[in-house]
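Below is one structure, written out as structure tokens; the observations come after it.
2 protein chains.
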Amino acid sequence: MSKLDNHLVIMAGGVGSRFWPMSTPECPKQFIDVFGTGRTFIQMTVDRFKGVVLPENIWVVTSVKYKDIVKEQLPEVPESNILLEPCRRNTAPCIAYVSWRIKAKNPKANIVVAPSDHLVTDVVEFQRVINTALQFVSETDSIVTLGMKPTRPETGYGYIQANSYEPSLRNKEIFRVDSFKEKPDLATAKRYIQDKEYFWNSGIFVWNVSTIVNALRIYLPDVNDIFEALLPIYGTAKEQEIIDKEFPKCENISIDYAVLEKADEIFVMPASFGWSDVGTWGSLHTIAKADDYKNNMIGQDIRLYETQNCVIHTTQEKRVVIQGLDGYIVAEKDNTLLICKLSEEQRIKEFSAE
Amino acid sequence: MSKLDNHLVIMAGGVGSRFWPMSTPECPKQFIDVFGTGRTFIQMTVDRFKGVVLPENIWVVTSVKYKDIVKEQLPEVPESNILLEPCRRNTAPCIAYVSWRIKAKNPKANIVVAPSDHLVTDVVEFQRVINTALQFVSETDSIVTLGMKPTRPETGYGYIQANSYEPSLRNKEIFRVDSFKEKPDLATAKRYIQDKEYFWNSGIFVWNVSTIVNALRIYLPDVNDIFEALLPIYGTAKEQEIIDKEFPKCENISIDYAVLEKADEIFVMPASFGWSDVGTWGSLHTIAKADDYKNNMIGQDIRLYETQNCVIHTTQEKRVVIQGLDGYIVAEKDNTLLICKLSEEQRIKEFSAE
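What follows is the structure, given as structure tokens:
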């Protein structure tokens, strides 16, 4: 395996509606410095692949309207590697497009597909796992998913059931997948974490470009045909224009449903590298640094009195004083203020509706 | 009594610290459109004297730093009628200064002294009361205070005890004052409102200019001497410079303590014209228009879910969503956000400290 063949695909078309008002359609979660560290989610995603993937092999698939944000936040990524979706069609068309685009450039590419808005705290272990999986897919026709070893009975994630009797012959860390499971209820989630065979579906996939395009040919031929037919125009001046015309014709379908749940050579590599999808304010509350009263605070000057278990994210406020709150989200951005119980955060989409 | 002799003094030097962050040292409460009606407290104060006092007889005493705000908000008041205190010395020096200033212009002036940041809802009754009191002080050497008929056992106001056996000979609505009472505890306040002799001290005073300067000569000679000595320079280019030098020498003392509690001819005119000093967020909650769940809202787009008994004042937010709050103040201004239980609002000074 040559490092020159390693490619990274960052899927950055999400709208992050559960993080309103911090995340807005104009600037969704992946482009936000949620932790106040100076790096946004998508920047941290690129950062953790340093030394694994060369900058010219990093691809970003995003919406047309986020092109400028991506260029600004990821100056190291060549502009021609930023692929623009004219509309949202879930992950399968996105992956079909970028896979053919990469194949046109390097038919031997080994690819990591990663969401743009997740958190990884143990980057050293992350790189070891990624390198192991890349090595594996360079030697086999396998699709590898990364399964996170669960630390709690989380009902907000999908699960991957490994077949523990079938570790792969080449690598004892990698197992054949038995089945994919939808987000479970709490009782099921509790059973999953006792079984030791279930892992959180991280949405991170590793494969060789030939493997994925062959799988797409079989399991999603209509979508595959569109992008295979465009081979002659990739990298030309006509690409965007034709994509804008063809992309909307694609079925709206996830890669999980279209390919992973149907194909044969699907493997899972269980891992632990401090992963979170940071999908909700509550998950931010779980992972972010807290004060002695379990308050997470991001802001310039936040003063709390008799306040506990709150997530306070008010980066544009000069000064915030909160007295007497327990278990609330307080978030302010662009003159939009949300105050809401953490226990009610699943209603944020309702709250943010126009 | 000639209407041409009627003068209005608006005391506008307060800093409104209990209304932080709506009220700030840069723009305190009297200059704010608290109710979202398009008129600030000081503008409403001037408005309610229309037809009673001519614009050229309106005087504003304020801090040097509020000069431009006053000029902007009260364009009808001549600039030379805006008197500027170089420092805060409570109400007695303020009244001594403006009284001599008015006397220099019109020795027959009948004067109403009013705070700049109170609310009056029944302006017709207010004008009747003011005209009655002005008539009374034009015919006698009396100091008249306006006593508000209490509607609840309020512990946030001082009280005036009327001597109900001594209505004045000239006007049966006006009584001799027995005593001034500090803010009472709740038990005392309850006794006061049963006694029918106690009235809220509105801080509105009516007197003839000769009466007040004579009282100042007797009861506050040091302060009086300063401003009496300046008679030759009032209205000249030197006035401000000399005031800046002399004013700081004054004792820091209220007119209530310096004169009203000591002088003889002190009267109270009980009245009811929908008065409030709007001294706290809680008082705003009591008087402002509320929704069915007792929420007061001032803002462009405020959406409440499971929220009651709250005061929400977020004029600079485009959009506010609040879920699950009961009995809180939510106030935002100039990128300063306060969330605080209404029951804890006496701590706002603490919260707002630098």
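Residue numbers (our numbering), protein chains in the order written: chain W, 1 to 354; chain Y, 1 to 354. Cβ atoms here follow ideal geometry from the backbone N, Cα and C, with glycine treated the same way. Computed from a prediction, not measured in an experiment: that's the story for all the values here.
| task | Could you tell me which uninterrupted alpha helix (DSSP H) segments, each at least 4 residues in length, are contained entirely in the stretch 91-149 of chain Y, listed from first to last along the chain? | result | 91-105, 123-139
| field | Residues in the stretch 320-351 of chain W having any Cβ partner in chain Y nearer than 8 Å | value | Val-320, Val-321, Ile-322, Gln-323, Gly-324, Leu-325, Tyr-328, Val-330, Glu-332, Asp-334, Asn-335, Thr-336, Leu-337, Leu-338, Ile-339, Cys-340, Lys-341, Glu-344, Arg-347, Phe-351
| query | At least one CB of chain W closer than 8 Å to the CB of Lys-294 of chain Y: is that the case? | reply | no
| request: Taking the CB atoms as reference points, tell me whether Gln-308 of chain Y and Asp-326 of chain Y lie closer together than 8 Å. | output: yes
| Distance between beta carbons of Gln-300 of chain Y and Lys-318 of chain Y, contact taken as under 8 Å | 6 Å
| said: Looking only at its chain, what residues have a beta carbon closer than 6 Å to the beta carbon of Ile-312 of chain Y, apart from the 5 residues adjacent to it on each side? | reply: Met-297, Ile-302, Val-330
| field | Any C-beta of chain Y under 8 Å from that of Thr-280 of chain W | value | no
| message | One question on the structure: do Val-77 of chain Y and Val-98 of chain Y come within less than 8 Å of each other, judged by their Cβ atoms? | response | no
| said: Assuming Trp-281 of chain Y is part of the beta strand (DSSP E), what are its boundary residues? | reply: It is not in any beta strand (DSSP E) - Trp-281 of chain Y instead sits in the alpha helix (DSSP H) that spans 281-287.
| Residues that Thr-314 of chain Y contacts on chain W, provided the C-beta gap is smaller than 7 Å | Leu-337
| request: Confirm, please, whether the CB-CB distance from Arg-18 of chain Y to Thr-280 of chain Y is below 8 Å. | output: yes
| said: Quick check on Met-1 of chain W: does DSSP put it in helix, strand or coil? | reply: coil
| Rounded to a whole number of angstroms, what is the C-alpha to C-alpha distance between Glu-306 of chain W and Ile-339 of chain Y? | 12 Å
| field | Coil, strand or helix - Asp-222 of chain Y by DSSP | value | helix
| Among W:Val-144, W:Ser-2, W:Leu-186, which residue has its Cα nearest to the Cα of Leu-260 of chain W? | W:Val-144
| query | How many Å lie between Leu-304 of chain Y and Glu-344 of chain W at the Cα? | reply | 13 Å
| said: Helix, strand or coil for Ile-174 of chain W? Go by DSSP, reduced to three states. | reply: coil
| query | Does the distance from the CB of Glu-85 of chain W to the CB of Ser-63 of chain W come in under 8 Å? | reply | yes
| task | Go ahead and pull the three-state DSSP assignment for Thr-211 of chain W. | result | helix
| task | Determine the closest residue to Asp-141 of chain Y out of Y:Trp-20, Y:Arg-152, Y:Arg-176, with distance taken between C-alpha atoms. | result | Y:Arg-176
| Closest residue to Thr-40 of chain Y among Y:Thr-286, Y:Lys-190, Y:Pro-28 (Cα-Cα distance) | Y:Pro-28
| If Asp-122 of chain Y sits next to Phe-273 of chain Y, beta carbons under 8 Å apart, how far is it from one beta carbon to the other, in whole angstroms? | 4 Å
| query | What does Lys-3 of chain W touch in chain Y if you count any residue whose Cβ is under 8 Å from its own? | reply | Going along chain Y, no residue has its Cβ under 8 Å from Lys-3 of chain W, so there is no contact; the nearest lies around 47 Å.
| request: Identify, in the order they occur along the chain, each residue of the same chain with its Cβ nearer than 7 Å to the Cβ of Glu-182 of chain Y, setting aside the five sequence neighbours on each side. | output: Gly-158
| said: Here's the rule I'm using: 16 or more other beta-carbon atoms within 10 Å means buried, otherwise exposed. How should Ile-130 of chain W be labelled? | reply: buried
| task | Tell me, please, which residues DSSP counts as bridged to Leu-304 of chain Y. | result | Y:Ile-322
| Any chain W beta carbon closer than 8 Å to Lys-29 of chain Y | no
| task | Return the Cβ separation of Leu-74 of chain Y and Ile-42 of chain Y in integer angstroms, given the expectation that the two are a contact with Cβ distance under 8 Å. | result | 7 Å
| task | Measure the alpha-carbon distance for Ser-210 of chain Y versus Gln-323 of chain Y and round it to whole angstroms. | result | 58 Å
| query | If we cut at 8 Å on Cβ distances, does Glu-26 of chain Y have a partner in chain W? | reply | no
| message | Helix, strand or coil, according to DSSP, for Ala-237 of chain W in the structure here? | response | coil
| request: Could you work out which residue in W:Gly-147, W:Leu-284, W:Pro-153 is closest to Ile-160 of chain W when comparing CA atoms only? | output: W:Gly-147
| said: Rounded to the nearest angstrom, what separates Thr-188 of chain Y and Gly-282 of chain Y at their Cα positions? | reply: 21 Å
| task | Work out the CA separation of Glu-350 of chain W and Gly-16 of chain W for me, nearest whole Å. | result | 14 Å
| For Ser-80 of chain W, is the classification buried or exposed, using 16 other Cβ atoms within 10 angstroms of its Cβ as the cut-off for buried? | exposed
| Beta carbon proximity, Glu-72 of chain Y to chain W, threshold 8 Å | no
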